[in-house]
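**Student:** Have a look at the structure that comes next, please.
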Amino acid sequence: MIEKHNFHWRDGFFYGFPKKREMFGKLADEIKTRQIISVTGLRRTGKSTLLKQVIDHLIESEKVGRENILFYSFDEEQPKIDDIIKEYEARTGKDILKESSRIYVFLDEIQKLENWQNQTKYYYDNYSNIKFFVSGSSSLFIKKHVRESLAGRIYEFVLSPLSFREFLVFRDKREFIEKASMLQDALKAEFLAYPKRQFIEIVNESEEKAGQYIRTVIEKIIYQDIPKIFPIENEDLLMKIMRIVASNPGMLSDYESLSNELGISRVTLSNYFFYLEESFLIKKLYNFSGNMLASEKRMKKFYLASTSLFTFLNNDIEEPKLIENLAVVSTDARFFWRTPQKYEVDIVLRKDNEVTPIEVKYKNDVSAKEVKNLIRFSERKERQKNGNPFCSGMEISIGS
2 MIEKHNFHWR DGFFYGFPKK REMFGKLADE IKTRQIISVT GLRRTGKSTL
52 LKQVIDHLIE SEKVGRENIL FYSFDEEQPK IDDIIKEYEA RTGKDILKES
102 SRIYVFLDEI QKLENWQNQT KYYYDNYSNI KFFVSGSSSL FIKKHVRESL
152 AGRIYEFVLS PLSFREFLVF RDKREFIEKA SMLQDALKAE FLAYPKRQFI
202 EIVNESEEKA GQYIRTVIEK IIYQDIPKIF PIENEDLLMK IMRIVASNPG
252 MLSDYESLSN ELGISRVTLS NYFFYLEESF LIKKLYNFSG NMLASEKRMK
302 KFYLASTSLF TFLNNDIEEP KLIENLAVVS TDARFFWRTP QKYEVDIVLR
352 KDNEVTPIEV KYKNDVSAKE VKNLIRFSER KERQKNGNPF CSGMEISIGS
């Protein structure tokens, strides 16, 4: 029943979502490339809407024929892609093999379709006129299968919760961006509202309403989405781990001690953290080392993947911890730094050969003592490189 998924086949119809995520431009730039385009991310971040905005763009700006665009969501039923294509040909009278113009195929929630990667690979390899866009709420469905069969055939994008700039756009306050220097007090007020309202549908809601909304998102992922993909024996344990992270974001942890505390095996705990991370609910940071293998073996830090999740899991989180979590996800950090002497830096960003340490402070005044570890980190890395600066700089993030 693909007709109910393709309202854009009707003359004059557009999905009509005028406000766009920043990723829209990146996807629009990929329209003419050959590769499959994948969009993953946490539930309710706007992946389906983003695909439909690309469809509107194809019709309006690229002048693509409406029936040259096929959309299907696997949220309710999971027929084979071959069956979808055959019904599409029957409905439109097109023969894809003989079709000279390009056919754009959008497949939403594709992680629910078994063996989806080989099905798309077949069409990619044999039908050069088909361009695939796929989306899903689990990163594993992309990572694992890219290695297995889609290497070189797919470009991956992760749609995160709203950035602060996007938050202002969806709050109809774009002028705050354009006139930031003139509206500083108003901008600060918006920033205070932002951390717990990073989803489009709650940007104007109270914290109580936002908490109710976030609860439905988390519970659906933990009790429905994850068990469909991963072997789960105890969904309540997943929720318990989420609450532990929310009670102390940035906690230092090794699986051994926490598994003893929870009364489960280290392997089970490690797997459950992995499932939560792959479902975009938590974020893991490694203790920085020049050697990635060494970083893997050290203690780790865990944060919530969006600060909006606190509205359900721990709405009384202290502001400094909330802002530290916000800085981690906003910078897409992967590392922190901690020594046996307990010298510590909150975030270490690494890009190519440049390393940038960041210390997060939510206060008006920062003392010299509070930046000492930034200096220690930089000096140590410079010594390791025999005088060749390893750090691109030091940063302090300050809020008032």
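First residue of the sequence shown: 2, per my numbering; consecutive thereafter. Backbone N, C-alpha and C fix where the C-beta goes; we use that ideal spot for every residue, glycine too. Small disclaimer: the values here were computed from a predicted structure and weren't measured.
List the whole-angstrom C-beta distance separating Tyr256 from Ser271, where the pair is believed to meet the contact cut-off of C-beta under 8 angstroms.
**Tutor:** That pair is a contact at about 5 angstroms.
**Student:** Using 10 angstroms around the beta-carbon of Ser439, count the other beta-carbons present and answer buried if the total reaches 16, otherwise exposed.
**Tutor:** Residue 439 is absent from the structure shown; the chain starts at 2 and stops at 401.
**Student:** Using the DSSP secondary-structure output, state which residues sit across from Tyr256 in a beta bridge.
**Tutor:** DSSP lists no partner for Tyr256.
**Student:** Please say whether Lys27 and Phe158 have beta carbons closer to each other than 8 angstroms?
**Tutor:** It is a contact, given that the beta carbons lie within the stated cut-off.
**Student:** Under the DSSP definition of a beta bridge, which residues are partnered with Lys352?
**Tutor:** For Lys352, which the question treats as bridged, DSSP gives the partners Glu355.
**Student:** By Cβ distance below 7 angstroms, which residues in the same chain neighbour Phe311 in space, the five residues on each side in sequence not counted?
**Tutor:** Cβ within range, chain order: Lys197, Ala247, Leu305, Ile318 and Leu323.
**Student:** Any idea what DSSP makes of Thr41, helix, strand or coil?
**Tutor:** Strand.
**Student:** Report the CB separation of Tyr105 from Asp57 in whole angstroms; it is logged as a contact under 8 angstroms.
**Tutor:** With 8 angstroms as the limit, Tyr105 and Asp57 do not qualify as a contact, their Cβ atoms being about 12 angstroms apart.
**Student:** Whole angstroms is fine: what's the gap from Asp226's alpha carbon to Thr217's?
**Tutor:** Asp226 and Thr217: Cα-Cα distance of roughly 12 angstroms.
**Student:** The ligand FMN and Ser309: does the residue's C-beta get closer than 7 angstroms to at least one heavy atom of that ligand?
**Tutor:** Absent from the structure shown: the ligand FMN. Ligands present: none.
**Student:** Suppose you measure from the CA of Lys403 to the CA of Lys33; what does that come to, to the nearest Å?
**Tutor:** As displayed, the chain neither begins before 2 nor continues past 401, which places residue 403 out of reach and without an answer.
**Student:** Just tell me which of Asp109, Tyr214, Leu282 and Asn354 has its CA closest to the CA of Met243.
**Tutor:** Considering only alpha carbons, the answer is Leu282.
**Student:** Starting from the C-beta of Pro390, find all residues in its chain whose C-beta is less than 7 angstroms away, skip the five residues before and the five after it, and write them out in chain order.
**Tutor:** Caution is warranted here: a pLDDT of 46 is assigned to Pro390, below 50, making its placement in the model unreliable, and the coordinate value is therefore given only provisionally. So the qualifying residues of the chain are Glu383.
**Student:** Whole angstroms is fine: what's the gap from Met300's alpha carbon to Glu345's?
**Tutor:** Spanning the two alpha carbons is a distance of roughly 13 angstroms.
**Student:** Nearest to Arg335 by alpha carbon, out of Glu202, Glu278, Glu23 and Arg45?
**Tutor:** The shortest Cα separation from Arg335 among Glu202, Glu278, Glu23 and Arg45 belongs to Glu278.
**Student:** Across the region 189 to 203 and the region 355 to 367, are there enough close Cβ pairs to call them in contact, namely three or more that are closer than 8 angstroms?
**Tutor:** No contact exists between the region 189 to 203 and the region 355 to 367.
**Student:** Taking a contact to mean a Cβ-Cβ separation below 8 angstroms, would you say Val361 touches Ile348 in this structure?
**Tutor:** Cβ distance < 8 angstroms, so Val361 and Ile348 count as in contact.
**Student:** Using the three-state DSSP reduction, which class does Glu432 fall into: helix, strand or coil?
**Tutor:** As displayed, the chain neither begins before 2 nor continues past 401, which places residue 432 out of reach and without an answer.
**Student:** Please report how far the alpha carbon of Phe289 lies from the alpha carbon of Arg44, in whole angstroms.
**Tutor:** Computed Cα separation, rounded: 30 angstroms.
**Student:** Considering only residues of the region 149 to 183, which uninterrupted alpha helix (DSSP H) runs meet the minimum length of 4 residues and lie entirely inside it, listed in chain order?
**Tutor:** Runs found: 165 to 171 and 176 to 179.
**Student:** The beta strand (DSSP E) with Tyr73 in it runs from where to where?
**Tutor:** Start and end: Ile70 to Ser74.
**Student:** Can you list, in chain order, the residues of its chain with a C-beta nearer than 8 angstroms to that of Leu188? Leave out the 5 residues immediately preceding and following it.
**Tutor:** Once the five neighbours on either side are set aside, the close Cβ partners of Leu188 are Phe177 and Ala181.
**Student:** Are Leu160 and Thr332 close, meaning C-beta to C-beta below 8 angstroms?
**Tutor:** Going by C-beta atoms, Leu160 is not nearer than 8 angstroms to Thr332.
**Student:** Let me know the secondary structure DSSP gives Tyr16 once reduced to three states.
**Tutor:** If DSSP states are grouped into helix, strand and coil, Tyr16 belongs with coil.
**Student:** Can you give the Cα-Cα distance for Arg267 and Leu239, rounded to whole angstroms?
**Tutor:** So the two alpha carbons sit approximately 14 angstroms from each other.
**Student:** Which of the three DSSP states is assigned to Pro228 in this structure?
**Tutor:** Looking at Pro228 - three-state DSSP - the assignment turns out to be helix.
**Student:** Could you check which residue in Asp96, Val170, Gly42 and Ile215 has the C-alpha nearest to that of Ile111?
**Tutor:** Answer by Cα proximity: Gly42.
**Student:** Let me confirm a value: Asp173 is counted as buried when at least 16 other C-beta atoms fall within 10 Å, else exposed. Which label applies?
**Tutor:** Answer is exposed; the Cβ neighbour count stays below 16.
**Student:** Around the Cβ of Gln118, are there at least 16 other Cβ atoms within 10 angstroms (buried) or fewer (exposed)?
**Tutor:** When all chains shown are included, Gln118 counts as buried.
**Student:** When the Cα atoms are used, what is the spatial distance from Leu184 to Leu163?
**Tutor:** Cα to Cα, Leu184 sits roughly 21 angstroms from Leu163.
**Student:** Between which residues of its own chain and Tyr273 is the CB-CB distance below 7 angstroms, once the five residues before and five after are set aside?
**Tutor:** Once the five neighbours on either side are set aside, the close Cβ partners of Tyr273 are Leu238, Leu239 and Ile242.
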